[in-house]
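K.L.:
Just passing along the structure, written as structure tokens.
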Amino acid sequence: MSIISNSLKRIKPSPTIAVTQKARELRAAGKDVIGLGAGEPDFDTPDNIKNAAIKAIRKGDTKYTAVDGTPALKKAVIKKFKRENKLNYSIDQVTVGTGGKQVLYNAFMATLNKGDEVIIPAPFWVSYPDMVLLAGGKPKIVKCTEQEGFKLTAKKLKKTISKKTKWVILNSPSNPTGAGYTKKEIQDLAKVLTRNKKIYVLSDDIYEHVRYDNFNFFTIAQIPKLKNRTLTMNGVSKSYAMTGWRIGYAAGPKDIIKAIGKIQSQSTSNPSSISQAAAVEALNGNQSFIKKRSNAFKQRRDFVVKSLNRIKGISCLKPNGAFYVFPSCKGLLNKKTKLKTDTDFVQKLLEKSNVAVVQGSAFGLDGYFRISYATSMKNLKKAMDRIKYFCESLI
Ligand code: PLP
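In my numbering, the protein residues as written are 5 to 399.
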């Protein structure tokens, strides 16, 4: 009999972390691998944020803090929601965790009973379904096509809702497609959700600050009738290039916030005191980094989309946010190329051309692959040349 629990058998390790690890191993073995698998900005954390952390260490902010975040960080989060999203929260409506990932995990653990359904639009961030499964819930995957801009429509949402639906997850701009929901699209979804008084919305806004072409960010908690049924998760990882600091936060209904704190009190306790001090500076300090960084990402997005659409057999939508594109490789899956699935495509690309990307099926939609362009233009140019050469050699 295995020592491993049944609940753990329901889930798999993160496929995106697996690709990054594989690329790391190949590089260590001497191969010239370009990794386009990682979901983190290649920029360094801004100096004002680093200095705030150093100051915190020197000052002795090195002890346990309140389990779900220091008052200073919670106040900074409240100010952020007010300043950027015109949303008002009190201190007991805010929680801070060790990354957005922990906040989401705790939220599911705190709210799901066996058999409760969570609607997850696909393509989705790889961790949602497995977190739901681990918490005993049932992921209800809704495939959102390229023609729909990879976004959930009100019609599909309405069709998927059942008596057991507890949560709907929205992630805009999205990982893995970069697609952002417009205000109108959110309002259409909200119309369906306001009719059903029991469903809660989990809005994952982690890519809020990575957006282009004057895309207007709108989050579902801004719909007054849904605010008290929405948990809005955000964090400093992607916005301020702070993935390693591990700070995420959420705002929403007091009972959920309190329950998240209860789980945290019996698992990890507070997130790092030093990282919290740094996050206060990130949220309250100079915000010009965001604009500068988005301009650099935009240049890379434009280059990558243009280069991919020049390759025969590949087609790629131009997203308005995040640092991912989600091109189709369906044109290359046939008898002639001897590639049947997106996984075949991705594996051969790594093997033959030393470029690491992630198969679309890992995100719940076959026939695509995800490229993270959070790497230098030099790397991207080399990678696009290699992908072009590889694809043309197949035909
Ligand atoms: N949500 C999405 C969509 C993500 O892509 C990520 C990270 O990759 C997270 C949440 C979690 O981010 P973190 O735990 O670094 O705050």
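Glycine included, C-beta positions come from ideal geometry on N, C-alpha and C.
These numbers were taken from a predicted model, which means no experiment stands behind them.
So Tyr109 is in the alpha helix (DSSP H); what residue range does that whole segment cover?
P.N.:
103-115 is the extent of the alpha helix (DSSP H) around Tyr109.
K.L.:
For the pair the region 377-387 and the region 57-72, tell me if three or more CB-CB distances fall below 8 Å.
P.N.:
Result no; under three Cβ-Cβ pairs closer than 8 Å.
K.L.:
Which residues have a Cβ closer than 6 Å to any heavy atom of the ligand PLP, listed in chain order?
P.N.:
Those residues, listed in chain order, are Gly43, Gly103, Gly104, Lys105, Trp129, Asn175, Asn179, Asp208, Ile210, Gly239, Ser241, Thr247, Gly252.
K.L.:
In whole angstroms, what is the alpha-carbon distance linking Glu396 and Ile318?
P.N.:
Each residue's alpha carbon lies about 10 Å from the other.
K.L.:
Quickly, what does DSSP pair Asp208 with across the bridge? List them, please.
P.N.:
Note: Asp208 sits in a beta bridge opposite Asn175, Met237.
K.L.:
Taking the beta carbon of Asn274 as the centre, do at least 16 other beta carbons fall within 10 Å, making it buried, or is it exposed?
P.N.:
Buried: at least 16 other Cβ atoms inside 10 Å.
K.L.:
At which residue ranges does the region 42-128 contain complete beta strand (DSSP E) runs of 3 or more residues, listed in the order of the chain?
P.N.:
Whole beta strand (DSSP E) segments, 3+ residues: 98-101, 121-126.
K.L.:
DSSP on Gln268, reduced to helix/strand/coil?
P.N.:
The answer is helix: DSSP assigns Gln268 an H, G or I state.
K.L.:
Using a Cβ-Cβ cut-off of 6 Å (strictly less than) and excluding sequence neighbours within five positions of Gly368, which residues of its own chain qualify?
P.N.:
So the list reads Ala126, Pro127, Phe128, Ile145, once near-sequence residues are dropped.
K.L.:
Return helix, strand or coil for Pro19, following the three-state DSSP convention.
P.N.:
In this structure, Pro19 counts as helix in the three-state DSSP scheme.
K.L.:
Along the chain, where does the alpha helix (DSSP H) that runs through Phe307 open and close?
P.N.:
That run of the alpha helix (DSSP H) goes 292-313.
K.L.:
Kindly identify the DSSP beta-bridge partner or partners of Gln226.
P.N.:
Bridge partners of Gln226: none, in fact.
K.L.:
Report, in whole angstroms, the separation of the C-beta atoms of Asn3 and Asn52, which I expect to be a contact under 8 Å.
P.N.:
Given that the chain is displayed from residue 5 to residue 399, the structure contains no residue 3 and the question cannot be resolved.
K.L.:
Near Thr181, which residues of its chain fall below 7 Å by C-beta distance, leaving aside the five closest residues on each side in sequence?
P.N.:
Once the five neighbours on either side are set aside, the close Cβ partners of Thr181 are Pro127, Phe154, Pro323, Tyr328, Phe330.
K.L.:
Classify Tyr204 as buried or exposed, calling it buried when 16 or more other Cβ atoms lie within 10 Å of its own Cβ.
P.N.:
Classification for Tyr204: buried.
K.L.:
On the DSSP letters alone, give me the boundaries of the beta strand (DSSP E) that Ser376 sits inside.
P.N.:
It spans 373-376 - the beta strand (DSSP E) in which Ser376 sits, taken as one unbroken run.
K.L.:
With burial defined as no fewer than 16 other Cβ atoms inside 10 Å of the residue's Cβ, what is the status of Lys170: buried or exposed?
P.N.:
That one is buried.
K.L.:
Could you give the distance in angstroms between the alpha-carbon of Ile227 and the alpha-carbon of Thr66?
P.N.:
C-alpha separation (whole angstroms): 40 Å.
K.L.:
How many angstroms separate the CA atom of Leu287 from the CA atom of Met5?
P.N.:
Taking the straight line from one Cα to the other gives about 49 Å.
K.L.:
What residues in its chain sit with their C-beta under 7 Å from that of Met113, if we drop five residues either side in the sequence?
P.N.:
Cβ within range, chain order: Ala139, Ile267.
K.L.:
Indicate whether Leu40 and Ile264 have their beta-carbon atoms separated by less than 7 Å.
P.N.:
For Leu40 and Ile264, no; Cβs fall outside 7 Å.
K.L.:
At what residues does the beta strand (DSSP E) containing Tyr253 begin and finish?
P.N.:
Counting along the chain, the beta strand (DSSP E) containing Tyr253 begins and ends at 252-255.
K.L.:
Leaving out five residues on either side along the sequence, give the residues of the same chain with a beta carbon under 8 Å from the beta carbon of Asp192.
P.N.:
Excluding sequence neighbours, Asp192 sits near Thr157, Ala158.
K.L.:
Flag this pair as touching only if the region 29-40 and the region 346-362 have three or more C-beta atom pairs under 8 Å; answer yes or no.
P.N.:
Contact between the region 29-40 and the region 346-362 is present, because at least three Cβ pairs lie under 8 Å.
K.L.:
Should Leu235 and Ile251 be called a contact, given that it needs their Cβ atoms to be closer than 7 Å?
P.N.:
Contact: no.
K.L.:
Distance check for Lys242 and Lys105, CA to CA, integer angstroms please.
P.N.:
Approximately 12 Å between the Cα atoms of the pair.
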